[in-house]
């Protein structure tokens, strides 16, 4: 029985890049689609590039399902006539041979033998579908069938009754000429970031720090200064939601979050963090950081973590205090100053001394939007200071949010991004930015 796969919407995409383990591939253009399959809706991306295959330079395509590369296509020898690419049929990891029965779900496709349709060295004698280059419906069907056959459509996947409309992100980025006002372009991006940030600001203190779906964990972060400091320490190398629920889970495991007890019993802290499921990937480093923080709070702040920021310090001074804790560097210190002031309403003087927290998301957004000219922490901090001198750190949270939700590594969702109308979409500049 042929599965019901329905194309809901499709649109053109401009150029973009994708980082493979061994290289970066630059796609000249592509398509985006929203497709219904097995009762859920899936986002499809289809990119078109060129690379050497089977003895010569050929058109090459990749089709992503929910940002996971799933099938590849290679130009057929008769492309001038058919405008088609070929892609192997793999119900399992093994190629299907010409003598194998064709899976019924592929009965509607044009099917050939790869070595006959794209002749050349190493071209396999295996069954392949033959799909027009721009047939986004056909490529979507093929990719979804492959993903389903290989068990890559998670049954735990959250069902979404609808997704935002997919639109083209715009033309290929153009290089600024000497006569262009690049500073004005950067200011426009900064203004769009600040506007986006205003939509993210909590409406009241009760709404702040909803970094986890657990209301009790959020309340602990708001009311217990050492729990908040613990969340800052945990926020490294793991998703933010997992980091910020860790203080609550740690409290459940050891029965308290008292700095004095933590400082005096490091082994209990280590066991609690390493207990399955582990609270953090850094199972040796994180206990040391936490015990060290508890000892510093006891020695320098009379056991009260809120004393780190309760005397209305200047932003520069507060960052300095935070960076005295092992496990808190520039990125975490800048982030913490902004969260305390913006979300928790802590009085902090001279916020002009605050900075952006240069993490992987901020780096990607700053590079692609051309706020920054190079991937350098100090350069990006300086750029933010120049664009919003009264409070550079205000650019941090919206840039992080854009990077996390739209400006992904590989294929960004430019059409839905709040910066789409001002961003030059210089995707390739951040192709290397895939981790911290």
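In my numbering, the protein residues as written are 1407 to 1842.
A virtual CB, placed ideally from N, CA and C, is assigned to each residue, including glycine.
Pairwise C-alpha distance: residue j and residue i
| i | j | result |
| --- | --- | --- |
| residue 1746 | residue 1551 | 48 angstroms |
| residue 1417 | residue 1821 | 10 angstroms |
| residue 1545 | residue 1534 | 13 angstroms |
| residue 1743 | residue 1816 | 31 angstroms |
| residue 1455 | residue 1432 | 6 angstroms |
| residue 1701 | residue 1748 | 28 angstroms |
| residue 1732 | residue 1537 | 56 angstroms |
| residue 1804 | residue 1597 | 11 angstroms |
| residue 1738 | residue 1824 | 25 angstroms |
| residue 1718 | residue 1799 | 17 angstroms |
| residue 1450 | residue 1441 | 7 angstroms |
| residue 1641 | residue 1796 | 27 angstroms |
| residue 1706 | residue 1672 | 19 angstroms |
| residue 1490 | residue 1828 | 36 angstroms |
| residue 1667 | residue 1721 | 30 angstroms |
| residue 1514 | residue 1497 | 16 angstroms |
| residue 1837 | residue 1462 | 26 angstroms |
| residue 1420 | residue 1711 | 50 angstroms |
| residue 1650 | residue 1624 | 8 angstroms |
| residue 1619 | residue 1626 | 13 angstroms |
| residue 1486 | residue 1457 | 17 angstroms |
| residue 1740 | residue 1637 | 14 angstroms |
| residue 1669 | residue 1697 | 5 angstroms |
| residue 1785 | residue 1807 | 21 angstroms |
| residue 1511 | residue 1555 | 11 angstroms |
| residue 1854 | residue 1517 | In the structure displayed, the chain extends from 1407 to 1842; residue 1854 sits before or after that span and is not available. |
| residue 1695 | residue 1685 | 14 angstroms |
| residue 1595 | residue 1453 | 27 angstroms |
| residue 1605 | residue 1616 | 15 angstroms |
Residue j beta carbon less than 9 angstroms from that of residue i
| i | j | result |
| --- | --- | --- |
| residue 1426 | residue 1549 | no |
| residue 1764 | residue 1734 | no |
| residue 1600 | residue 1794 | yes |
| residue 1692 | residue 1639 | yes |
| residue 1714 | residue 1631 | yes |
| residue 1501 | residue 1532 | yes |
| residue 1543 | residue 1656 | no |
| residue 1644 | residue 1687 | yes |
| residue 1736 | residue 1727 | no |
| residue 1780 | residue 1809 | no |
| residue 1523 | residue 1483 | yes |
| residue 1660 | residue 1646 | no |
| residue 1750 | residue 1628 | yes |
| residue 1840 | residue 1766 | yes |
According to DSSP, residues forming a beta bridge with residue i
| i | result |
| --- | --- |
| residue 1474 | 1471 |
| residue 1479 | 1467 |
| residue 1537 | 1491 |
| residue 1417 | 1438 |
| residue 1518 | 1534 |
| residue 1720 | 1755 |
| residue 1371 | Outside the displayed range of the chain (1407 to 1842) lies residue 1371, so it cannot be described from this structure. |
| residue 1835 | Paired residue(s): none; residue 1835 is not in a bridge. |
Start-to-end residues for the beta strand (DSSP E) that takes in residue i
| i | result |
| --- | --- |
| residue 1458 | 1446-1459 |
| residue 1431 | 1430-1433 |
| residue 1424 | 1422-1425 |
Segment limits, alpha helix (DSSP H) that includes residue i
| i | result |
| --- | --- |
| residue 1647 | 1646-1660 |
| residue 1695 | 1691-1706 |
| residue 1602 | 1588-1606 |
| residue 1545 | 1542-1555 |
| residue 1752 | Premise fails: residue 1752 is in no alpha helix (DSSP H) and is neither H nor E. |
| residue 1806 | 1802-1811 |
| residue 1772 | 1766-1774 |
| residue 1758 | Careful: residue 1758 lies outside any alpha helix (DSSP H) and carries neither H nor E. |
| residue 1667 | 1665-1670 |
| residue 1502 | Unbroken run through residue 1502: none, as it is neither H nor E. |
| residue 1624 | 1621-1629 |
| residue 1736 | 1736-1744 |
| residue 1790 | 1783-1793 |
Proximal residues to residue i (C-beta, below 7 angstroms), its chain only, five neighbours per side dropped
| i | result |
| --- | --- |
| residue 1448 | 1441, 1471, 1472, 1550 |
| residue 1819 | 1812 |
| residue 1571 | Model confidence at residue 1571 stands at a pLDDT of 35, short of 50, so the residue's coordinates are unreliable; what they give is reported in the following sentence. If we look at residue 1571 and ignore the five residues flanking it on each side, its Cβ neighbours are 1415. |
| residue 1778 | 1772, 1785, 1786, 1789 |
| residue 1521 | 1529, 1530, 1531 |
| residue 1704 | 1665, 1666, 1669 |
| residue 1622 | 1654 |
Neighbourhood of residue i by C-beta distance below 6 angstroms, restricted to the same chain and skipping five residues each side
| i | result |
| --- | --- |
| residue 1389 | Nothing can be reported for residue 1389, as the shown portion of the chain is limited to 1407 through 1842. |
| residue 1559 | 1553 |
| residue 1526 | 1460, 1461 |
| residue 1504 | 1519 |
Beta-carbon contacts of residue i that lie in its chain and below 8 angstroms, excluding the five residues immediately before and after
| i | result |
| --- | --- |
| residue 1843 | As displayed, the chain neither begins before 1407 nor continues past 1842, which places residue 1843 out of reach and without an answer. |
| residue 1756 | 1720, 1721, 1722 |
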